[in-house]
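Comments concern the structure below.
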Ligand SMILES: [Zn+2]
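Numbering (our numbering), first residue to last: 39 to 262.
Laid out in structure tokens, this is it:
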């Protein structure tokens, strides 16, 4: 069998591909898996076949792949370790939220269940990581909820930032500098189709113009 960190990275990529599927789609295209992992389609196919033989995924040649229940549970546990480690690095170690992802990518494969349980307890059984990503429970299950992005949410409605879906350090610094971190209150003033941008009114009535691509990575929910 292949090294477990490789298996875990495949499970995670397929899992995240599944949550990004359009309504009604069942299988994650192999091209998506290959590009998410930075490998050739041939390599991805070989690995996915091995996952299918181990009962962790269903593979349909020329179509795509989907995790089995066992595969989803394992993927959920990898994400649980990743997100708890990120929160630990920020809250306990005092690291910045834009510098923890790469370390978490390594540590998610090696921290023991005992250590993760201890971190979870120490942090007060948190539900979200510093980027607003939900932390799966000890069974690897995630409470899925649909969130609108700044591109799709209602205009002139009180909103709150819930989740940032891009962990690129430069992007996270942009978010921080503009006071758009999870928990921050804002309102969309309008969208400009010609400029392909969204105008947001944030903290202290500050007006910020955000490009459409960036706006799609900022998830929000109505402020109750
Ligand atoms: Zn991360």
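Note that CB positions come from ideal geometry on N, CA and C, so glycine has one too.
Nearest-angstrom Cα separation, counted from residue j out to residue i
i           : j           : result
residue 196 : residue 104 : 37 Å
residue 83  : residue 96  : 12 Å
residue 165 : residue 172 : 6 Å
residue 108 : residue 76  : 25 Å
residue 239 : residue 42  : 46 Å
residue 259 : residue 207 : 24 Å
residue 39  : residue 190 : Unreliable placement is indicated for residue 39, whose pLDDT of 47 sits below 50; the coordinate value is still reported in the next sentence. The alpha-carbon atoms of residue 39 and residue 190 are separated by roughly 44 Å.
residue 261 : residue 201 : 14 Å
residue 78  : residue 203 : 25 Å
residue 229 : residue 215 : 21 Å
residue 213 : residue 219 : 6 Å
residue 81  : residue 255 : 29 Å
residue 133 : residue 55  : 29 Å
residue 149 : residue 110 : 19 Å
residue 57  : residue 92  : 22 Å
residue 90  : residue 115 : 19 Å
residue 74  : residue 185 : 22 Å
residue 61  : residue 183 : 14 Å
residue 131 : residue 138 : 10 Å
residue 232 : residue 253 : 15 Å
residue 211 : residue 121 : 19 Å
Residue i, enclosing beta strand (DSSP E) - first and last residue
i           : result
residue 249 : 245-249
residue 48  : Unbroken run through residue 48 is the alpha helix (DSSP H), 42-57; no beta strand (DSSP E).
residue 257 : 256-260
residue 96  : 95-98
Expected contact under 8 Å - CB spacing of residue i and residue j to nearest Å
i           : j           : result
residue 248 : residue 188 : 7 Å
residue 174 : residue 128 : The Cβ separation is near 18 Å, so there is no contact.
residue 125 : residue 153 : About 14 Å; that fails the 8 Å criterion.
residue 102 : residue 66  : 5 Å
residue 119 : residue 98  : Incorrect: roughly 29 Å between the Cβ atoms, too far for contact.
residue 71  : residue 88  : Contact flag wrong, Cβ pair sits at about 13 Å.
Pick from the options that is closest to residue i, judged by C-alpha positions
i           : options            : result
residue 234 : 205, 225, 251, 243 : 251
residue 49  : 210, 117, 61, 60   : 117
residue 194 : 213, 224, 203, 65  : 224
residue 222 : 170, 184, 140      : 170
residue 123 : 113, 112, 140      : 140
residue 180 : 61, 158, 113       : 113
residue 198 : 87, 241, 121       : 241
residue 85  : 47, 115, 137, 244  : 47
residue 226 : 210, 192, 205, 156 : 192
residue 135 : 209, 257, 231      : 209
residue 106 : 243, 53, 205, 163  : 53
residue 69  : 100, 177, 156      : 100
Enclosing alpha helix (DSSP H) for residue i [first to last residue]
i           : result
residue 110 : 107-129
residue 79  : 79-91
residue 150 : That residue, residue 150, is in no alpha helix (DSSP H); it is neither H nor E in DSSP.
residue 71  : 68-75
residue 139 : 139-145
is_contact[residue i, chain D] using C-beta, thresh 8 Å
i           : result
residue 144 : In the structure shown, chain D does not exist; there is a single protein chain.
Tell me the start and end of each unbroken alpha helix (DSSP H) in the stretch 168-246 that is at least 4 residues and wholly inside, in chain order.
207-215
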